[in-house]
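Here's the structure we're looking at; comments come further down.
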Amino acid sequence: MAGGGGRRPGAAAPRLPGRGGARVGAGGASVPAGLAGRVGPTGRVWATDLDTSWLTGPGTATTEVLRHDVTRDEPPATGLDLVHARLLLVHLPDRAAVLERLVSALRPGGWLVVEDADPALQPLACPAEEGPEGERAERIRRGFRALLAGRGADLAFGRSLPKLLRGAGLVDVQAEGYFPVTSPACRELEAATVRHVRGELTESGAATDAEIDAHLEWLAREDVAVTPAPLITCWGRSGES
1 MAGGGGRRPG
11 AAAPRLPGRG
21 GARVGAGGAS
31 VPAGLAGRVG
41 PTGRVWATDL
51 DTSWLTGPGT
61 ATTEVLRHDV
71 TRDEPPATGL
81 DLVHARLLLV
91 HLPDRAAVLE
101 RLVSALRPGG
111 WLVVEDADPA
121 LQPLACPAEE
131 GPEGERAERI
141 RRGFRALLAG
151 RGADLAFGRS
161 LPKLLRGAGL
171 VDVQAEGYFP
181 VTSPACRELE
191 AATVRHVRGE
201 LTESGAATDA
211 EIDAHLEWLA
221 REDVAVTPAP
231 LITCWGRSGE
241 S
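At position 51 of the sequence shown (counting the first as 1) the number is 51 in full-length UniProt numbering, and the numbers step up by one without a gap.
Shown next, in the form of structure tokens:
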């Protein structure tokens, strides 16, 4: 059950036979594949991204993979029952315009689901860790957040989603937060993120190569508790025409 007593769209209907949905900023293949399973063989799913190299699996009779720039291109289809965007809007300069495009793809009564992080809501990397390793982890996390802010990301964006969806004309808007304290996946995500921006972290002076090597070795330990940024999921329905 979602917060506020409502049920998140899609979770309420394990099958949406014959319906249409789009995953914008698809990234990997897992979510498009899940949507394809929900719509069944008579439905249709569009999986779109600027970089479709990660979408190696879902090209089927049900799912179409498209290279798509959501900041400039029109939606791949209209009259959709569900449009889903995850960790997309926070990185874009004109979020309101992109949101309008996503809403325009919905049929009357269709649902938009947007998920984005809110790093400022809980900025710590390792709230339960102390000592030099924990201090180093926080310094590297601060360096990463500075990189995001320098690219134009709004570090408090997640909490603004309900207001944005209502402003776009959606109704029945609800939201909930997902806040894992720690897990093996949290450590793996932190390590992958640090590896991805390693060069930028060293160039900015957030950490040296030796410190990053030590940090990655520390993250591989099972007794280390790493906490990611909270993820806010917000959904709303297009009003009936």
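Note that CB positions come from ideal geometry on N, CA and C, so glycine has one too.
CB contact check: residue i to chain C, cutoff 8 Å
i    : result
V197 : Here there is only one protein chain, and chain C is not present.
Closest Cα partner of residue i within the set the options
i    : options                : result
L124 : A225, S238, V45        : A225
V173 : R159, E211, F179       : R159
A153 : V90, S238, T182        : V90
P119 : A97, G143, L106        : G143
D94  : L80, A85, T71, W111    : T71
C126 : V171, E176, V181       : V181
I232 : Q122, V83, E74         : Q122
A156 : R141, D116, G169       : D116
W111 : P76, R86, L82, P230    : L82
R107 : L170, E176, D73, G134  : L170
A105 : L92, R221, E74, G239   : E74
A77  : L87, R101, L88         : R101
E135 : I212, V113, S238       : I212
L161 : E188, L148, F179, V114 : V114
L201 : L148, H84, L99         : L148
A192 : T208, E217, A210, A146 : E217
C234 : R67, D69, Y178         : Y178
L219 : E188, P230, E240       : E188
Start-to-end residues for the beta strand (DSSP E) that takes in residue i
i           : result
C234        : 231-238
residue 298 : Within the shown structure, residues of the chain are numbered from 1 to 241, placing residue 298 beyond reach of any answer.
Three-state secondary structure (DSSP) of residue i
i           : result
L189        : helix
E130        : coil
T62         : coil
G110        : strand
H84         : strand
A225        : coil
G177        : strand
A97         : helix
A120        : helix
residue 243 : Summary: the structure shown does not reach residue 243, with the chain confined to residues 1 through 241, and so no result is reported for it.
E74         : coil
G27         : Because the pLDDT at G27 is just 47, under 50, the model does not fix this residue reliably, and the point stays unresolved.
R136        : helix
R67         : strand
Rounded Cβ spacing between residue i and residue j (contact assumed at less than 8 Å)
i    : j    : result
A137 : E130 : Actually they are not in contact, since the Cβ atoms of A137 and E130 sit about 11 Å apart, beyond 8 Å.
T63  : A47  : 6 Å
C186 : P228 : 5 Å
A206 : R151 : At roughly 15 Å, the Cβ-Cβ gap does not stay under 8 Å, so A206 and R151 are not in contact.
L165 : G236 : 4 Å
S238 : V45  : That pair is no contact at about 18 Å.
A168 : L99  : 5 Å
Exposure label - residue i; buried when at least 16 CB within 10 Å
i    : result
H196 : exposed
D49  : buried
E190 : buried
E203 : exposed
A96  : exposed
S183 : exposed
R221 : exposed
A175 : buried
A85  : buried
R141 : buried
Extent of the continuous alpha helix (DSSP H) to which residue i belongs
i    : result
G167 : 161-167
T202 : 198-204
A214 : 209-219
Check: residue i C-beta below 7 Å from any heavy atom of the ligand ZN
i    : result
P132 : The model depicted lacks the ligand ZN and carries no ligand whatsoever.
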